[in-house]
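Asks:
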Amino acid sequence: MPRHFIRKSDFDCEIERFNAAIQKSREELIRVRDLVLDHLDENHAQIIDAQLMAIQDEEMIKAVQDLVHREQKNVTWAYYEVMNVYEELLLKTYDQYFKERTTDLRDIKKRVLHHLSNEKDILQPEINVASIIVTEKISPSDLIHIDHRQALGIITRYGSVDSHAGILARAFRVPYISNISNLEELVSYSEIILDADNEVILLDVSNEIKAEFAPRIRDFQILREQIINRKVVKKTKDNVPYEIFINAGFVDEVKAINPKLVQGIGLFRTEFLCLKRNTIPDEEEQYEAYQTILKQMTKLPVVFRVFDFGRDKLMLMLDLEVIQEDHIFDEWGGIGFLLENPVILRNQLRALLRASVNGNTQIMLPLVMSINDVLQTKTMLEEIKEELKQANIAFSEDVKLGAMIETSSILEELDELAQHVDFFSIGTNDLALYLIGSGRTVDMAKNYYHPKMFGAIDRIVKSAEKAGIPVNVCGEMASDPYALIGLTAIGIRSISVSSSALSAISDEVGKFDTSQCRAVADALLNAKDATVIYSILKECYRGHIQ
Ligand code: PEP
Ligand code: MG
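In this note's numbering, the protein residues as written are 142 to 687.
#1: How about Val498 and Met438: do their beta carbons lie closer than 8 Å?
#2: Closer than 6 Å is what we want: which residues have a beta carbon that near any heavy atom of the ligand MG? List them in chain order.
#3: Val509: which of Glu553, Ile274 and Asn399 sits nearest, CA to CA?
#4: DSSP on Lys440, reduced to helix/strand/coil?
#5: Any heavy atom of the ligand PEP closer than 7 Å to the Cβ of Tyr406?
#6: Contact between the region 242-260 and the region 158-168: three or more CB pairs below 8 Å?
#7: Is the distance from the Cβ of Val612 to the Cβ of Ser635 below 8 Å?
#8: Using the beta-carbon count (16 or more within 10 Å), is Ala559 buried or exposed?
#9: Going by the C-beta, is Gly616 closer than 7 Å to any heavy atom of the ligand PEP?
#10: I need the straight-line Cα distance from Gly475 to Met594, nearest angstrom please.
#11: Look at the alpha carbon of Tyr555 and the alpha carbon of Ser620, and state the distance between them as a whole number of angstroms.
#12: For Ser610 and Val216, I'd like the C-alpha separation in whole angstroms.
#13: Assuming Val346 and Ile334 form a contact by the criterion Cβ under 8 Å, report the distance between their Cβ atoms to the nearest whole angstrom.
#14: One question on the structure: do Leu678 and Ile633 come within less than 8 Å of each other, judged by their Cβ atoms?
#15: At a threshold of 7 Å, does Ile308 count as lining the ligand PEP (C-beta to nearest heavy atom)?
#16: Residue range of the beta strand (DSSP E) that Arg410 falls in?
#17: Are the region 167-177 and the region 143-159 touching by the rule of at least three beta carbon pairs closer than 8 Å?
#18: Could you tell me whether any non-hydrogen atom of the ligand PEP is closer than 7 Å to the CB of Arg359?
#19: Taking Tyr590 as the reference, give the member of Ile674, Phe450, Lys526 and Ala608 with the closest Cα.
#20: Considering only DSSP beta bridges, list what Val612 is partnered with.
#21: Considering only the beta carbon of each residue, do Thr502 and Ser537 sit closer than 8 Å?
#22: Start and end of the alpha helix (DSSP H) containing Leu516?
#23: For Ala337, collect the residues of the same chain with a Cβ closer than 7 Å to its Cβ; drop the 5 residues on either side in sequence, then sort them by chain order.
#24: Could you name the residues of the same chain whose beta carbon sits closer than 8 Å to that of Leu480, not counting the 5 residues immediately before and after it, in chain order?
#25: Buried or exposed: Glu229, going by 16 or more other Cβ atoms within 10 Å of its Cβ?
#26: Gln560 lies in the beta strand (DSSP E); which residues open and close that run?
#27: Which residue wins for smallest C-alpha separation from Tyr383, given the options Val374, Ala389 and Gly390?
#28: Assuming Gln213 and Phe146 make a contact with CB atoms under 8 Å, what is their CB distance in whole Å?
#29: I want to check one thing, is the minimum distance from the CB of Phe449 to the heavy atoms of the ligand PEP below 7 Å?
#30: What's the C-alpha gap between Leu246 and Ala219?
#31: Where do the ends of the beta strand (DSSP E) carrying Lys396 lie?
#32: Between which two residues does the beta strand (DSSP E) containing Gln85 stretch?
#33: Assuming Asp198 is part of the alpha helix (DSSP H), what are its boundary residues?
#34: Relative to the C-alpha of Arg495, which residue among Gln404, Ser637, Asn533 and Ile512 is closest?
#35: Helix, strand or coil: which one does DSSP assign to Phe361?
#36: How many angstroms separate the CA atom of Thr297 from the CA atom of Gln531?
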């Protein structure tokens, strides 16, 4: 954050900048309020009303102006200081209601500071020395804006490695561990070791321990730099073809992939393209991005998932963490949101179709709730194709359309749905949320061994087989070596995992004997609870690594 003293002659200009930032933030909040009202109710809109009142609080505005005049601090600095005083006051009160309002205050502060800056990256937390970040919680937008080379790791009190922040941490190869309660103790140490693979934090960093960890740290540093350096297997040990695709979300991430070593991208989360600037890129910008990705991947398949806003992802665009925590947007997102906002969807589909001539383009719809979602999208696709033809704009006729299976309602319509799409892709992160009800903020690993997950995935595989369409698993469950055995047991032969998990998962698949996996399918599907499933999978895993 720029902090400097200003000349008296700059006073007016600074105050003007401040007023403009308040005005822009106000307009943004009004838009957010309208969205919340459209999709939720007055009660939730009141959260935004409170922010709207606070953002134009006369006393606060006067305090900032005074500080600029009195101490000749630039307005960003003055605003930051004034807001910190307010925040401290709220934190000191005994009233829980006021304590909780600090989140609102921080949200406002972030928003105004963002507008006060001419730089895009004002939200970037400053990390001057390579360090492990220890923080209460981390949002996806924090993760976007930190300097990843300086962030050696992240430890949080709240959150989950399968939250979108966790997914981003993996994409950036920043080791991340959550649900740690003694943060205060941790920060009192100048050196700690974070072993996120084993969910261990070591406080005793003696020379012996350091020496023990040195080779792993070195390997990790190599991994951080070179994205994928080994060829991904295409078959199991018993020669059964197996697809292992990559989950990605950034153009730079794709640019670092050597297409000769991989099989393709099984999930490109296009909404991540909106993160840097907190806005949806226009058709032209999207077209450029999709075209770059397709060219980079030569003719390998690239599955572009259309924007999946809603839940924590919409929130991160709107920077509205207050609502994110309540999971109240669970029912509102994915393709449903886009169909309600057809201009966004139309632009995206146009950009995707125009880019499609550059490679093997596939389009995937997130959070499909009903067949109608697919039919409506198909109608729109046909209209766009017609428009493109009229305008003599080239596009590929072979673009496949797939549906993500990740809500409980669509499980009831699988056979019919399979008649309307070219492939299924199972989003286990959301599916767990729908089937088991536990959110991404809890330990998702427990969900991976839940009987309901295996039961549902078995049904999905059978429906796909019956219709003769491919099925892929692109949720994080496929990156869990035990769960992966279970998925393979019930017929999964195509997965998509983050690039950081790719090599390890490829090694696992290379050891699989599918008939050995198949042998545990019945036991898995008849298991009564997650503990039973876990022990079956653990046993089978041991069999494979011997
Ligand atoms: C999922 O839900 O499993 C998934 C792959 O999509 P996302 O995590 O982006 O919702
Ligand atoms: Mg999902």
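Glycine residues also receive a C-beta, built at the ideal position from the N, C-alpha and C atoms.
Replies: According to the structure shown:
#1: no
#2: Pro507, Glu547, Gly568, Asn570 and Asp571
#3: Glu553
#4: coil
#5: Correcting the residue type first, residue 406 is Ile in the shown sequence and not Tyr. The answer is no for Ile406.
#6: yes
#7: yes
#8: buried
#9: yes
#10: 21 Å
#11: First, the amino acid is wrong: residue 555 is Leu here, not Tyr. Cα-Cα distance, rounded: 25 Å.
#12: Reading the sequence as shown, one finds Ile at residue 610 and not Ser. If I take the Cα positions, the gap works out to 59 Å.
#13: 6 Å
#14: no
#15: yes
#16: Ile406 to Arg410
#17: no
#18: no
#19: Ile674
#20: Phe565
#21: yes
#22: Ile512 to Gln531
#23: Gly294, Pro316, Tyr317 and Ile318
#24: Leu486, Asp514, Gln517 and Thr518
#25: exposed
#26: Run containing Gln560: none; DSSP gives neither H nor E here.
#27: Val374
#28: 5 Å
#29: In the sequence as presented, Phe is not what sits at residue 449; that position holds Asp. Correct: Asp449 has its Cβ closer than 7 Å to the ligand PEP.
#30: 16 Å
#31: Taken as a continuous stretch (DSSP letters only), Lys396 belongs to no beta strand (DSSP E), being part of the alpha helix (DSSP H) at Val392 to Lys396.
#32: Residue 85 is absent from the model: the chain starts at 142 and stops at 687.
#33: From DSSP, Asp198 is part of no alpha helix (DSSP H); its letter is neither H nor E.
#34: Asn533
#35: helix
#36: 54 Å
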